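Residue numbers (full-length UniProt numbering), protein chains in the order written: chain R, 1 to 459; chain S, 1 to 459. Ideal Cβ positions, reconstructed from N, Cα and C, are used throughout, including at glycine. All values derive from a computational prediction rather than experimental measurement.
So, in structure tokens, the structure goes:
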């Protein structure tokens, strides 16, 4: 069945591409498989009622920044019908068989495929404590469920967010915005403890304190305490915290059960092992999104549980290749960013804490700068920290906190890490200077100059 | 007198560093010369009453975005006294003599130097038409003059801005904001005609039209028409435009008279020729800022009349080297950006018009994207155009127009041009996806994907 993608778009032999999962990876894959060859038969199975919406927007509707859930829908069901993508909603795939190239679909029986794409996404890690079956435990994921939870939030007085994960940070901020007394429980000493350095998390935590959030750091979750089947409190190493609602924002784990049952190889993270074309260990089976693990560009350690943007890009690669095209996915450096409290934070690759934990030697350059001319309205602070390899001064990571321009700088620095850009390069970079949009000195450049000076002293 | 900079900061032999000019280049040089060795005697001559303010902020005070001129002062006279920089205000340098290492200062006589830094900046090109001596012709530069002109603006009904230069764009926007009937006269067919492509200038011009600005494109200035010594109208190839005030925003030309009289070598732009250390053709004489010309990183053509950020960075290099340190300046790619009308525009290196004019072959990638999730409040359009060398697809230029994140993207793309990053690299870049700060797809990446696809079709 392997043949080159026809440049004319007319394939000598249409194929049936089956996709399990209707999230960013699955929909990205479906679009790419259809675009690569419109004569392909593209079928998507999703256990949910909808596709084509942004689950990442849910916290902002809860926080009232966005007025309603309808705005999160980016495409209608007709959009997919019109391009010939056949989506089976509320349909559960029971199993698949790579040897016979068949999928077992609940209520539909057995169907065959030429190429299969596994895009089954993630689950939240089971907190593994008593009381996990109580009502009032909210796992933020599906939009229909979120609509129901949003009504619940209207009467919630006190809420606990379990874990200062990226979603945890968004939900703490959202619940506090909404005027709910919010507690955060996390086993680390600060927010995003495995990803983010304390000097970057610090301003976020200060602004949460100003918003009335109570933070319980170094605190272990011990259980959910109920009454009448509903959660009434969260039991922790720091004592019991009364709450009518708990957002369980634990780590994402790959939803890999179907794939493991079919014999696909998973890696140390539990994510499916894929090659650069997003091919799994089974022939004619591809995977994309949170069900996979992807090598980190620095050192190749596998990563799992990336962003919607990664899932969508991986879906496009898997879909193109499944459809007979040729596209490859690169190791990741994972630029990240979000709004938390009143700040934007972000970064890429290694921070100081991660580098220290991994025993990776590094030089650090720091700067606190501004986003516009000092005298221009709405000027914001921008703090930049750059990590570089000693000697070469190649950039190996960055962390940022500020009031604007954090996402754009994180994207930039991710390309710098990937391409081997050095602190010398960044120390001498040019920058736009225009009072309403940029300061005389770019904070990235000043941080790089600081790192170069620090490295010179260490020699 | 040449010796290596002592790493301890204690020099075996202090030197006298004289700087002509108190703008960004001169002040950058003074600070660097003092920082490199605090025992240096650092003297600055300026013909103006002040240093340490931001002339780039003047249009925004006129436009009422910034409430008063005091905010543009970033340092007091005491700041410089305290660090031991000796500034002679309202002092004119008549000449200098590299052979004897002396400077002739009006009212002070002859003084000697060990190292001299020429930072005499720019003048606006003389429009070379009748009526240039009339009152009411405003050359935006000095803050004290700007304070007086700001009072005049209170009673101005109609103003003409001559040339759609970067300053011209800022002043058109400012005058229109202020409610003055504003006309713009320019010989090119669109704004920033030599720098900017028409598809990027277009949205700016639409928003000016909405603001009531009258644009006279392809229009030549013929003279200033006066009455009672004051300008009353501007005579153009498009007819006479009545006005009580004219902002003459012609090109910057190097203020090189002193340096030429001293025998320093100037290049084709009229700017002083400097090496990578900012040394001029005369020994112990350095130069920085708008009086210099700097090679473009693509092809080495000399450029003159860059930004305050460039001037400041060049000043630091010249000051460090003059003081016995070692620092070099790189060829420039000139990221640029500004607010014009209701848009931000920007870019780096070549646009399509410039590439076509220079006969440089290029592949273009385009995308119109968004700055945040589509449903998030204050989401803005971001249009990106990337130019790349055919074959290698190395980036050779970019142009941008949008509502936010333009400066950060222009800075990023400038590093990409300098470091040989390709459209392939950008097509596969990762990006931060978080609804309040970044969209699923980064417009730079989508434009690169478009360029890669376009290039593939051309092969």
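- Distances from the CA of residue 403(R) to each of 425(R), 106(R), 380(R) were compared; the closest alpha carbon is that of 380(R).
- With respect to chain S, the C-beta atom of residue 423(R) has no partner C-beta closer than 8 Å.
- Assignment of residue 284(S) by DSSP, reduced to helix, strand and coil, places it in the coil class.
- With fewer than 16 other Cβ atoms from the protein chains shown falling within 10 Å of its own Cβ, residue 359(S) counts as exposed.
- Contact note: residue 292(R) does not reach chain S at a C-beta cutoff of 8 Å; the least C-beta distance is about 15 Å.
- For residue 294(R), the secondary structure class from DSSP, reduced to helix, strand or coil, is strand.
- For residue 352(R), no beta strand (DSSP E) run applies; the uninterrupted alpha helix (DSSP H) run containing it begins and ends at 352-358, by DSSP.
- When the five nearest sequence neighbours on each side are left out, the beta carbons in the same chain lying within less than 7 Å of the beta carbon of residue 242(S) are those of 158, 232, 233, in order along the chain.
- The contact set of residue 196(S) on chain R, defined by CB atoms closer than 8 Å, is empty, because the minimum CB distance reaches about 14 Å.
- As summarised for the region 241-267 of chain S, the continuous beta strand (DSSP E) elements at least 3 residues long and confined to that stretch are 245-248, 252-254, given in chain order.
- Sorting 423(R), 435(R), 184(R) by C-alpha distance to the C-alpha of residue 393(R) places 423(R) at the top.
- With respect to the 8 Å criterion, residue 298(R) and residue 287(R) are not classified as neighbours on the basis of their beta carbons.
- Proximity to residue 290(S) across 257(S), 195(S), 456(S) peaks at 257(S), based on C-alpha coordinates.
- Residue 330(S) reaches chain R at 428, counting residues in chain order whose Cβ is nearer than 7 Å.
- Assigned with DSSP and collapsed to three states, residue 191(S) falls in coil, not helix or strand.
- In chain order, 92 place their CB closer than 6 Å to the CB of residue 47(R), counting only its own chain and leaving out the 5 sequence neighbours on each side.
- With a threshold of 8 Å between beta carbons, residue 344(S) makes contact with chain R.
- Only buried fits residue 339(R), as 16 or more other CB atoms lie within 10 angstroms of its CB.
- Interface annotation, residue 310(S): in contact with chain R, CB-CB separation under 8 Å.
- Taking 9 Å as the upper bound on Cβ-Cβ separation, chain R lies near residues 431, 432, 433, 434, 435, 436, 437, 438, 439, 440, 441, 442, 444, 445 of the region 431-447 of chain S.
- The three-state reading of DSSP puts residue 236(R) in strand, counting E and B together.
- A check of alpha carbon separations from residue 162(S) across 447(S), 102(S), 223(S), 357(S) identifies 223(S) as the nearest.
- Beta-bridge partners assigned by DSSP to residue 127(R): none are found.
- Not one beta carbon of chain S lies nearer than 8 Å to the beta carbon of residue 104(R).
- In the structure shown, residue 202(S) falls within a helical segment according to DSSP collapsed to helix, strand and coil.
- In chain order, 24, 56 place their CB closer than 7 Å to the CB of residue 308(S), counting only its own chain and leaving out the 5 sequence neighbours on each side.
- Taking a C-beta distance under 8 Å as the contact criterion, residue 221(R) and residue 156(R) do not qualify as a contact pair.
- The beta carbons of residue 410(S) and residue 331(S) sit about 17 Å from each other, so the pair does not count as a contact at 8 Å.
- Against chain S, a Cβ distance below 9 Å from residue 165(R) picks out nothing, because the smallest value is about 13 Å.
- With a threshold of 8 Å between beta carbons, residue 115(S) makes no contact with chain R.
- When beta bridges are read from the DSSP output, residue 338(S) appears opposite 345(S).
- Between the beta-carbon of residue 329(R) and that of residue 317(R) there is about 4 Å, and that keeps the pair under the 8 Å contact cut.
- Nearest CB-CB separation between residue 66(R) and chain S: below the 8 Å threshold.
- Taking a C-beta distance under 8 Å as the contact criterion, residue 398(R) and residue 419(R) do not qualify as a contact pair.
- Taking every protein chain shown into account, the CB of residue 144(R) has fewer than 16 other CB atoms within 10 angstroms, so this residue is exposed.
- Within the DSSP bridge table, the entry for residue 110(R) names 104(R) as partners.
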